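Going by the numbering used here, 182 is the number at position 177 of the sequence shown; the sequence numbering is gapless.
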Amino acid sequence: MGLYKRGGVWWMRLTVGGRKEIRRTTGTGDRRLAEKIERKVRTEIAEGRWFDVQEERTRTVREMLERFEQEYASHRKATRFYGPIIARFIAEWGDRTLAEVTPAIISQWKTRRLGEVSAASVNRALAVLRCAFNVTMREWEWCRDNPVVRVKREKEPPGRDRWLSAEEEGRVLQAAPPWFREVITFAVNTGMRQGEILSLRWSSVDLFRRTVTVERSKNGEKRTVPINEAVLTILKEKSRVRSLKADLVFHSEAHTAIDPANLRHVFGKALEKAKIEDFRFHDLRHTFATRLVQAGVDMYKVQRLLGHKTPTMTQRYAHHSTESLRDGVEVLDRVRLLLATAQNPAQSVPVKVSGAV
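Right under this line is the structure:
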């Protein structure tokens, strides 16, 4: 680092990251003030708190989002979800510099979009933009601030609460072709997503430990799913007749991956035949979670089985656990009785001991 004078103003030579040399003006012709500014910048660089404001004044939203999509979004399973959102922001703000994207600008965009799409769609778009700015700020050091974090999320209506009753499950299984009955049973008993089931390979199945492993879930993480007797029976039978040509557990007659569009078509036909309305494949996952909660399984276990990163998503099923909540407060009755007995032993009920002499 060092100071030099140019055009009557003191400039700084700065080394960032141990290798990148940049030059920035101090904005003053006063040597003492320039030295003070340089010392402050040197300290901030050493502590990792200095960001080159020039970057956010010259870097554009297009540069940020294209790099984000290439380096980050393209490696996630939600690429199809990120792509259209990124394309829309580039179309609208691509030529803006990062410094020009303020909370006020984002709020104006949000208000306009709410007249076109749902609150959930707006929140998903802002989540992608927030993520892009976080990477830009923390990893690339192109900006000092994330303007999206100061924009309030929109309140969303409650999510779908559709799940199969036991009677409906029986009807749809009867209406479905044999290969698809296995898929439905597998989904209802594991809570796995459609894509996770269709991409499941035998290398991820452990019949001895009774587990299947989702190598890469929607949130990008691996998770292990324990299997019950219903799923184990299906896997054992499929393993017995398994073709060496196919590593996929569920596959077409040609031993290729099942086309999701074909699966939706078959599912639609089965639902129509079973006279079941307003139901989609993902609701089989809801059925799995709802039945667990109704059976009294605690929410943390349900969260782990579903692969949710945080309890927030799992809480949508909490209202199904009324009885388990009642059990919780009834514990207080037993505690109160024990306390009363301890305070007045004379009123306690004698315990009859059998076999006493």
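C-beta: ideal position from N, C-alpha, C; glycine also. All of these numbers come straight from a predicted model, not from anything done at the bench.
Quick one: give me the first and last residue of the alpha helix (DSSP H) that residue i is part of.
| i | result |
| --- | --- |
| serine 237 | It is leucine, not serine, that sits at residue 237 in the sequence shown. It spans 234-245 - the alpha helix (DSSP H) in which leucine 237 sits, taken as one unbroken run. |
| tyrosine 305 | 304-311 |
| threonine 195 | 183-195 |
| proline 231 | Unbroken run through proline 231 is the beta strand (DSSP E), 228-231; no alpha helix (DSSP H). |
| valine 140 | 124-140 |
| arginine 72 | 66-76 |
| lysine 45 | 36-51 |
| valine 203 | For clarity, residue 203 is leucine in the given sequence; the question names valine instead. Element bounds for leucine 203: 199-203. |
From residue i to residue j, what does the alpha carbon distance come to, in whole angstroms?
| i | j | result |
| --- | --- | --- |
| valine 362 | arginine 296 | Here valine 362 scores only 34 on pLDDT, less than 50, and its place in the model is too uncertain to base an answer on. |
| methionine 69 | glutamate 258 | 45 Å |
| leucine 38 | alanine 51 | 20 Å |
| cysteine 136 | arginine 228 | 23 Å |
| aspartate 264 | arginine 247 | 20 Å |
| methionine 318 | alanine 125 | 14 Å |
| proline 163 | glycine 196 | 20 Å |
| leucine 268 | alanine 180 | 14 Å |
| arginine 93 | arginine 290 | 31 Å |
| threonine 31 | alanine 104 | 20 Å |
| proline 182 | histidine 270 | 12 Å |
| phenylalanine 73 | tryptophan 147 | 12 Å |
| leucine 311 | asparagine 233 | 15 Å |
| glycine 99 | leucine 131 | 16 Å |
| leucine 276 | valine 302 | 29 Å |
| arginine 44 | glutamate 26 | 16 Å |
| tyrosine 393 | threonine 346 | This structure leaves residue 393 out entirely; the chain is present only between 6 and 362. |
| phenylalanine 86 | glycine 13 | 53 Å |
| leucine 36 | isoleucine 42 | As written in the sequence, residue 36 is arginine, which differs from the leucine given in the question. For arginine 36 and isoleucine 42, the distance between alpha carbons rounds to 10 Å. |
| lysine 274 | proline 316 | 35 Å |
Just verifying my parser: in three-state terms, what is the DSSP assignment at residue i?
| i | result |
| --- | --- |
| tryptophan 114 | helix |
| aspartate 252 | coil |
| glutamate 26 | strand |
| valine 271 | helix |
| threonine 317 | helix |
| aspartate 211 | strand |
| leucine 289 | helix |
| tryptophan 15 | strand |
| threonine 107 | coil |
| lysine 357 | With a pLDDT of only 46 at lysine 357, under 50, the local geometry of the prediction cannot be trusted, and no value is derived from it. |
| threonine 261 | coil |
| arginine 167 | coil |
| arginine 149 | coil |
| arginine 158 | coil |
| threonine 295 | helix |
Between which two residues does the beta strand (DSSP E) harbouring residue i extend?
| i | result |
| --- | --- |
| glycine 7 | 7-11 |
| arginine 101 | Note, arginine 101: premise wrong, no beta strand (DSSP E); not H, not E. |
| threonine 216 | 216-219 |
Excluding the 5 residues preceding and the 5 following residue i in the sequence, name in chain order all residues of the same chain whose CB lies nearer than 6 Å to its CB.
| i | result |
| --- | --- |
| isoleucine 95 | Arg67 and Leu70 |
| proline 108 | Pro152, Arg155 and Val156 |
| threonine 216 | Thr229 and Pro231 |
Within its chain, find whatever has a CB closer than 8 Å to the CB of residue i; leave out the 5 residues flanking it on each side and keep chain order.
| i | result |
| --- | --- |
| glycine 360 | Note that glycine 360 scores a pLDDT of 45, beneath 50, so its modelled location is shaky; the value from the coordinates is reported in the next line. Result list for glycine 360: empty, nothing under 8 Å. |
| phenylalanine 286 | Ala192, Gln199, Leu268, Arg269 and Phe272 |
| arginine 339 | none |
Going by the CB atoms, is the gap between residue j and residue i shorter than 9 Å?
| i | j | result |
| --- | --- | --- |
| valine 177 | isoleucine 111 | no |
| threonine 253 | leucine 205 | Correcting the residue type first, residue 253 is leucine in the shown sequence and not threonine. Yes, these two residues count as a Cβ contact at 9 Å. |
| threonine 292 | leucine 203 | no |
| leucine 119 | glutamate 159 | yes |
| glutamate 61 | arginine 143 | no |
| valine 46 | arginine 29 | yes |
| alanine 266 | histidine 260 | no |
| threonine 102 | threonine 63 | yes |
| glutamate 201 | serine 222 | yes |
| phenylalanine 284 | arginine 186 | no |
| serine 244 | tryptophan 184 | no |
Going by beta carbon distance, what residues of the same chain come within less than 7 Å of residue i, once the five residues before and after it are set aside?
| i | result |
| --- | --- |
| valine 2 | A query on residue 2 cannot be resolved here, the shown segment of the chain reaching from 6 to 362 and no further. |
| valine 210 | Val217, Leu240 and Val254 |
| glycine 7 | Arg18 |
| valine 106 | Val66, Trp98 and Pro152 |
When you measure from the CB of residue i to every non-hydrogen atom of the ligand GDP, does any distance come out below 8 Å?
| i | result |
| --- | --- |
| leucine 119 | You won't find the ligand GDP in this model; it holds no ligand whatsoever. |
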